[in-house]
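Going by my numbering, the residue at position 120 of the sequence shown is 119; the numbering climbs one at a time, nothing skipped. Even for Gly, the Cβ is constructed at its ideal location relative to N, Cα and C. None of the values given here were measured: they were computed from a predicted structure. A short write-up of the structure that comes next.
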Amino acid sequence: MTGEAVSSEPREAMEAELVEGGRFARIVTRRRSSGSPRTVTVGFVPEPDGSILVAARSPDAAWAADLVAEARAEVTVGDRVWPVEAEPLDRPEAARTVRELILRYGTPAESLGAGHAFRLRRAGTG
């Protein structure tokens, strides 16, 4: 090992395929400190009203803290891109979101939901 940084290109390509296929969502937030964009790929639960539910694995997840500080973001799923407003979920709704994510993705429950959970609603429709 030479100490060089490992390329993230294969991971980014895989995430892009998951988003393009509509299985995962790409969220672009604004960093709290600088206002520069931060991109994360996450699992989601689609809701009948067109919103999606997401949950952070960690209470320290930077993207979730960005959404707490600034609720506006952009979401991409498949070939659709739209502006959203993040609404923090109360405890029962956050628990439902985690349950649905586990059912949809088979995600281990050990860490999922330790952080914030949100409803991402198309901006201007709430």
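Contact under 8 Å by Cβ, residue i with residue j
i, j, result
"Val44", "Thr96", "yes"
"Leu83", "Val74", "Per the sequence shown, the amino acid found at residue 83 is Val instead of Leu. It is a contact, given that the beta carbons lie within the stated cut-off."
"Ile26", "Val39", "yes"
"Ser7", "Arg56", "no"
Residue of the options minimising C-alpha distance to residue i
i, options, result
"Val18", "Trp62, Glu8 and Val80", "Val80"
"Arg22", "Gly123, Arg121 and Arg103", "Arg103"
"Ala24", "Met13, Gly123 and Gly34", "Met13"
"Gly34", "Arg10, Ala93 and Trp62", "Trp62"
"Asp78", "Ala15, Arg10, Ala54 and Leu88", "Ala15"
"Arg127", "Ser32, Gly20, Ala122 and Val53", "Within the shown structure, residues of the chain are numbered from 0 to 125, placing residue 127 beyond reach of any answer."
Neighbourhood of residue i by C-beta, 8 Å cutoff - its chain only, sequence neighbours within 5 removed
i, result
"Pro36", "Val27, Thr28, Arg29 and Arg30"
Spatial neighbours of residue i in its chain, beta-carbon cut-off 7 Å, leaving aside the 5 residues before and after
i, result
"Ala85", "Leu66, Ala70, Ala72, Phe117 and Leu119"
"Ala122", "Arg71, Pro82, Val83 and Glu84"
Cut-off 6 Å between Cβ atoms - residues of its own chain near residue i, not counting five sequence neighbours on either side
i, result
"Ala60", "Gly114"
"Ala93", "Ala116"
Return the chain-ordered ranges of every alpha helix (DSSP H) run that is complete within the stretch 58-119 and spans a minimum of 4 residues. Listed in chain order, the alpha helix (DSSP H) elements of length 4 or more contained wholly in the stretch 58-119 are 61-68 and 90-104.
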